[in-house]
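*Asks:* Let me give you the structure first, and then I'll get to my questions.
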């Protein structure tokens, strides 16, 4: 029983580590223009944030898409 608990604990820790590494946030892009270009097609983090700040007021809460550019989840579509 104890070995099963240990195995599950290790498995849980491994999965949490994988999730932490795959979680996309503002920090993911902040100092990495190559990642910005890869994931968005935009040339830089500055351009990404400029665009985001421009459209942010028009984002609605009706979609279930989480925007990783802010601390809170915001809907990306549909626009009002």
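Residue numbers (this note's numbering): 30 to 109. Glycine included, every Cβ here is placed at the ideal spot set by N, Cα and C. Please read all numbers here as calculations on a predicted model, not as lab measurements.
For residue 78, which of helix, strand or coil comes out of DSSP?
*Replies:* helix
*Asks:* With 16 other CB atoms within 10 Å as the buried threshold, where does residue 75 fall?
*Replies:* exposed
*Asks:* According to the neighbour-count rule (16 or more other Cβ atoms, all chains shown, within 10 Å of its Cβ), is residue 65 buried or exposed?
*Replies:* Around the beta carbon of residue 65, 16 or more other beta carbons sit within 10 angstroms, so the residue counts as buried.
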